[in-house]
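Taking it in order: structure first as structure tokens, then the write-up.
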Amino acid sequence: MIIALIVWILNILAIAIIIRSLLSWVDPMGRNPISQVLIQVTEPVLAPIRNMMGGGIGGFDLSPIIAILLIQVIARVLAGSGAAF
1 MIIALIVWIL NILAIAIIIR SLLSWVDPMG RNPISQVLIQ VTEPVLAPIR NMMGGGIGGF
61 DLSPIIAILL IQVIARVLAG SGAAF
């Protein structure tokens, strides 16, 4: 039960990262209240990845892609340990 909840939260976090990435095209300064909430929720995950990557490749921030991949790996490992989606 707890593992299923953690997997659910990880999936919500991945969706939040995707929405934040899409909103960054429309609201690059993050002034929209929804953008601000998404930044507050996702930045603790994205910032360490961004720092390790050193700013991205060719000016593109790839931290959302890497974060989503890591989240999905963690969710699948947890789900494989007996949790049901």
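Numbering (this note's numbering), first residue to last: 1 to 85.
Heads up, the beta-carbon is just placed ideally off N, CA and C, and yes, glycines get one too.
- prompt: Counting along the chain, where does the alpha helix (DSSP H) carrying residue 80 start and finish?
  reply: 63–80
Rounded separation between residue 48 and residue 69 - CA only: 15 Å
field: Euclidean distance between Cα positions of residue 23 and residue 74
entry: 25 Å
query: Rounded to whole angstroms, how far is the Cβ of residue 3 from the Cβ of residue 81, which I believe are closer than 8 Å?
result: With a Cβ gap of about 6 Å, residue 3 and residue 81 count as contacting.
task: Specify, as a first and last residue, the run of the alpha helix (DSSP H) that residue 53 falls within.
output: 33–53
query: Would you call the CB atoms of residue 30 and residue 17 closer than 8 Å?
result: no
message: Is the separation between the beta-carbon of residue 79 and that of residue 46 shorter than 8 Å?
response: no
message: Tell me the rounded alpha-carbon separation between residue 57 and residue 64.
response: 13 Å
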